[in-house]
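What follows is a single structure, written as structure tokens, with notes after it.
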Amino acid sequence: MKLKVGITYNLKKDFVQQENQPIDFLEEFDSEETIDAIRKVLENEGHEVIKLGGDPGLIDRLRKTSVDLVFNIAEGLRGRNREAHIPALLEFLNIPYTGSDPLTLSLTLDKAMAKRVVMAQNIPTPQFKKIEKMEDLDGLDLRYPLFVKLCYEGSSKGVRLDSKVLDPRSLEEKVRGLLKTYASPLLIEEFVVGPEFTVGILGNEDPYVLGVMQIEIKGSPPEESIYSLEIKREWEKRVQYHCPPLIDQNLLKRIEEVAIRSYRALECRDVSRVDIRVGQNHTPYFLEINPLPGLSPVYGDLVIMARGMEWDYTRLVKAIFHHALKRYGWMK
Ligand SMILES: Nc1ncnc2c1ncn2[C@@H]1O[C@H](COP(=O)(O)OP(=O)(O)OP(=O)(O)O)[C@@H](O)[C@H]1O
Ligand SMILES: [Mg+2]
Numbered sequence: 001m002k003l004k005v006g007i008t009y010n011l012k013k014d015f016v017q018q019e020n021q022p023i024d025f026l027e028e029f030d031s032e033e034t035i036d037a038i039r040k041v042l043e044n045e046g047h048e049v050i051k052l053g054g055d056p057g058l059i060d061r062l063r064k065t066s067v068d069l070v071f072n073i074a075e076g077l078r079g080r081n082r083e084a085h086i087p088a089l090l091e092f093l094n095i096p097y098t099g100s101d102p103l104t105l106s107l108t109l110d111k112a113m114a115k116r117v118v119m120a121q122n123i124p125t126p127q128f129k130k131i132e133k134m135e136d137l138d139g140l141d142l143r144y145p146l147f148v149k150l151c152y153e154g155s156s157k158g159v160r161l162d163s164k165v166l167d168p169r170s171l172e173e174k175v176r177g178l179l180k181t182y183a184s185p186l187l188i189e190e191f192v193v194g195p196e197f198t199v200g201i202l203g204n205e206d207p208y209v210l211g212v213m214q215i216e217i218k219g220s221p222p223e224e225s226i227y228s229l230e231i232k233r234e235w236e237k238r239v240q241y242h243c244p245p246l247i248d249q250n251l252l253k254r255i256e257e258v259a260i261r262s263y264r265a266l267e268c269r270d271v272s273r274v275d276i277r278v279g280q281n282h283t284p285y286f287l288e289i290n291p292l293p294g295l296s297p298v299y300g301d302l303v304i305m306a307r308g309m310e311w312d313y314t315r316l317v318k319a320i321f322h323h324a325l326k327r328y329g330w331m332k
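What follows is the structure in structure tokens.
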């Protein structure tokens with residue numbers, strides 16, 4: 001079957017970093033290299049591919065150019081529903097697309113909301129409080145050390161090596177700084193002391209684990225390390241990825257189970273990457289889920305994981321695409 005496939009995305013290079021914007025303002029956006037890599041995979045399968053972008057001009061382009069399906073990796077431009085904007089538009093225009101629907105994309109982007117849903121299924125996740133203003137810190141009933149991050153950002157935006165705080169004074173200072181810099185709600189969580197993993201999940205009715213990847217930050221004990229912006233930007237020097245991970249089968253099973261249960265609880269589709277940290281009693285804690293995982297052929301965590309599992313880039317992109325086609329009943 002030959003299809004006309006549009007790709008929707010937001011490119012880093014289409015934005016200019018303003019002086020008053022935080023240094024990680026553009027962190028989530030993609031590079032042209034990633035879009036071309038996806039395009040190549042789809043073209044090699046015989047489809048016609050049209051790059052559609054993800055700016056407001058997309059509305060006109062979608063009405064002028066008919067496509068059978070959209071391969072969506074657009075992170076969106078603003079607000080906590082930004083990842084849902086393009087999928088919602090596609091639903092409005094009755095155009096099929098890859099990946100999760102607007103409800104899941106908004107729900108998972110807001111980490112506090114996602115945690116509430118996950119908690120309702122008794123999936124372990126750190127205790128937390130959402131903070132919108134300094135007064136919300138009053139009566140905080142959480143156990144130190146704590147971790148402070150932005151409530152609806154990804155790519156470690158706002159996460160630094162000093163995001164872990166040990167006492168109320170440093171908590172207050174951190175919260176004040178982040179509220180000022182990002183003008184966005186925060187999430188304060190109990191810090192999970194233990195090794196970190198990220199889990200790739202694919203599929204729909206019967207989701208399965210692509211791989212479990214342990215993230216070791218070089219020179220930092222696994223219990224303490226933080227996969228922060230500084231580390232992600234220098235990943236080649238500072239991170240050692242282990243996929244498959246160096247852990248026993250029992251723990252591996254428990255991690256996979258938390259990841260799959262979270263994927264189901266949040267009704268993800270086609271693909272997602274779940275971040276997990278293993279705390280006391282070998283309990284895997286859900287940190288967050290990424291239904292639009294980065295697909296950079298060079299540094300995407302999911303892509304590195306796939307490589308560890310001996311899946312090349314083509315196989316990974318095809319798997320995502322084919323899960324969408326099956327979901328729409330276009331493929332067996
Ligand atoms: N409660 C916690 N306890 C311990 N470490 C944490 C906790 N929350 C976050 N971290 C650390 O901070 C990192 C970034 O946090 P998180 O994954 O929630 O944010 P993100 O910016 O959305 O990430 P991504 O780049 O995957 O989109 C995690 O990978 C982990 O190292
Ligand atoms: Mg993460």
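Going by my numbering, the first residue of the sequence shown is number 1, and it counts up by one from there.
No residue lacks a Cβ here, since even glycine has one placed at the ideal position from N, Cα and C.
query                                                                                                                                             : result
Going by C-alpha distance, which of Lys157, Glu190, Asp30, Val193 is nearest Tyr182?                                                              : Lys157
In the structure shown, what three-state DSSP assignment does Ser163 receive?                                                                     : coil
Which same chain residues end up closer than 7 Å to Glu132 when comparing Cβ atoms and leaving out the 5 residues on each side of it in sequence? : Pro185
Among the residues of its own chain, which have a CB less than 6 Å from the CB of Val118, if the five just before and after it don't count?       : Thr125, Ser262, Ala265, Phe286
Would you mind sorting Gln240 into buried or exposed? The rule is 16 or more other CB atoms within 10 Å of its CB.                                : exposed
Return yes when the C-beta of Ile175 is under 6 Å from any heavy atom of ligand 1, and no when it is not.                                         : Reading the sequence as shown, one finds Val at residue 175 and not Ile. No - ligand 1 has no heavy atom lying nearer than 6 Å to the Cβ of Val175.
Between the stretch 266-286 and the stretch 237-256, are three or more C-beta pairs nearer than 8 Å?                                              : yes
What do you reckon, is the C-beta of Val148 under 6 Å from a heavy atom of ligand 1?                                                              : no
Indicate, with yes or no, if ligand 2 has a heavy atom lying under 6 Å from the CB of Glu28.                                                      : no
If you measure from each residue's Cβ to the nearest non-hydrogen atom of ligand 2, which ones come out under 6 Å, in chain order?                : Asp275, Glu288
So what's Gln280 in DSSP terms, helix, strand or just coil?                                                                                       : helix
Using a 10 Å radius around the Cβ and a threshold of 16 neighbouring Cβ atoms, would you call Asp24 buried or exposed?                            : buried
Between the alpha carbons of Val49 and Leu292, how many angstroms are there, rounded?                                                             : 20 Å
What is the residue span of the beta strand (DSSP E) that Thr8 lies within?                                                                       : 4-8
Quick check: the stretch 194-208 against the stretch 165-183, are at least 3 beta-carbon pairs closer than 8 Å?                                   : no
Could you name the residues that DSSP lists as bridge partners for Glu48?                                                                         : Lys4
If we call anything under 7 Å between Cβ atoms a contact, is Asp301 one with Thr98?                                                               : no
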